[in-house]
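Numbering (the working numbering), first residue to last: 98 to 290.
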């Protein structure tokens with residue numbers, strides 16, 4: 098049991114390091130040696146957990162989508178207006194990144210095998226639809242202006258991807274500041290208030 102828990106913890110550490118490195122350098126430039134070194138693991142030991150970099154990236158996508166889906170479920174269960182759900186989603190996603198590290202960017206899965214890419218794209222599409230519902234609910238309850246939910250979701254997710262990639266060097270950056278910037282640029286522009 099202890100060995101199994103140790104393996105799970107090590108696997109999560111590998112995934113977190115891989116996600117950070119792939120996000121920073123891109124899939125092609127990231128190496129298994131570099132990923133292993135980030136957590137003081139020889140790359141030979143890394144292959145015990147993942148047979149190759151593609152399998153590791155696929156697991157990173159899966160883990161990121163699991164986290165994203167879990168956040169959506171919590172936000173949906175808590176109810177509220179469409180705008181309220183959207184704000185809670187952003188806040189929870191930002192808080193999750195502090196606790197669990199970044200997520201693997203959703204935009205590119207071209208380096209995966211065809212079946213892996215199709216699975217990730219289908220999962221991403223389902224989650225996008227759930228996020229679109231927040232916008233639709235907000236339009237219906239009057240808290241969000243009329244918009245094209247599929248396009249707005251793409252813009253919002255793109256904004257989140259680039260915020261997490263380019264803002265870490267901002268002096269004194271906190272999740273509260275990021276959330277305030279998101280509210281100013283995205284939510285206030287969608288709000289009917």
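From the three backbone atoms N, C-alpha and C, an ideal C-beta is built for every residue, glycine too.
Residue 257 counts as buried, since at least 16 other C-beta atoms from the protein chains shown sit within 10 angstroms of its C-beta. With fewer than 16 other CB atoms across the displayed protein chains lying within 10 angstroms of its CB, residue 207 is exposed. Around the beta carbon of residue 156, a 10 Å sphere encloses 16 or more other beta carbons of the protein chains shown; the residue is thus reported as buried. Residue 187 sits in a helix when the DSSP states are folded into three classes.
7 Å or more divides the Cβ of residue 241 from the Cβ of residue 248. Around the C-beta of residue 149, fewer than 16 other C-beta atoms lie within 10 Å, and the residue is accordingly described as exposed. Judged by DSSP secondary structure, residue 130 falls within the alpha helix (DSSP H) whose first and last residues are 129-135. Relative to the Cα of residue 170, the nearest Cα in the group 137, 124, 226 belongs to 226. Scanning its chain for C-beta atoms nearer than 7 Å, with the 5 sequence neighbours on each side dropped, one finds no residue around residue 212. About 16 Å separates the beta carbons of residue 161 and residue 132, which is beyond the 8 Å limit, so they are not a contact pair.
In the three-state scheme derived from DSSP, where H, G and I count as helix and E and B as strand, residue 272 is classed as helix. Our two residues, residue 180 and residue 141, have alpha carbons roughly 48 Å apart in a direct line. For the pair residue 113 and residue 146, the CB atoms are not nearer than the 7 Å cut-off.
In this chain, the alpha helix (DSSP H) harbouring residue 153 covers 150-175. In the structure shown, residue 145 adopts helical secondary structure according to DSSP, grouped into three states.
Take residue 198, set aside five residues on each side of it, and the residues of its chain with a beta-carbon closer than 8 Å to its own are 113, 116, 117, in chain order. Judged by pairs of C-beta atoms under 8 Å, the stretch 185-196 touches the stretch 271-284, as three or more such pairs exist.
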